[in-house]
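Residue numbers (full-length UniProt numbering): 1 to 105. Report on the following structure.
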Amino acid sequence: GHEHPSTLTSMNNLATVLDSQGKYGEAETMHRQTLARSEKVLGHEHPSTLASVYCLAHLLAHRSRYEESLVLYDRASAGYEAVLGKDHPTTRACRQHYADALAKQ
Numbered sequence: 001g002h003e004h005p006s007t008l009t010s011m012n013n014l015a016t017v018l019d020s021q022g023k024y025g026e027a028e029t030m031h032r033q034t035l036a037r038s039e040k041v042l043g044h045e046h047p048s049t050l051a052s053v054y055c056l057a058h059l060l061a062h063r064s065r066y067e068e069s070l071v072l073y074d075r076a077s078a079g080y081e082a083v084l085g086k087d088h089p090t091t092r093a094c095r096q097h098y099a100d101a102l103a104k105q
């Protein structure tokens with residue numbers, strides 16, 4: 001169904017593909033839909049929800065919407081640190097993307 005975890009993962013992946021194809025509006029809409037459903041079904045701290053937050057932050061940063069992206073990168077970083085640990089590669093990558101967006105702001 002629309003809220004099954006596998007469906008949410010597929011939606012997040014499709015949004016990422018749309019982003020890579022330059023279809024930013026479609027990608028953003030899909031990322032936001034995926035995030036809302038993930039929060040509802042899986043909770044705010046679930047790794048899949050955090051992945052949705054992270055991907056949306058990346059898209060926004062790519063579109064030079066740094067203020068919005070920084071809020072989301074911060075949320076994802078804090079969540080990843082709580083769930084995966086501060087030295088996990090995903091946590092570290094998220095913090096690096098935060099720093100990159102901050103520098104470009």
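Glycine is no exception: its CB is placed at the ideal position from the N, C-alpha and C atoms.
Annotation note: the region 46 to 91 contains the following uninterrupted alpha helix (DSSP H) runs of length 4 or greater, listed N- to C-terminal: 47 to 62 and 66 to 84. Around the beta carbon of ALA57, a 10 Å sphere encloses 16 or more other beta carbons of the protein chains shown; the residue is thus reported as buried. Pairing GLY79 with LEU50 gives a Cβ-Cβ distance under 8 Å. With a cutoff of 8 Å on beta-carbon distance, HIS31 and SER10 are scored as not near each other. Around the Cβ of ASP87, a 10 Å sphere holds fewer than 16 other Cβ atoms; the residue is exposed.
With fewer than three CB-CB distances shorter than 8 Å, the region 37 to 50 does not count as touching the region 14 to 28.
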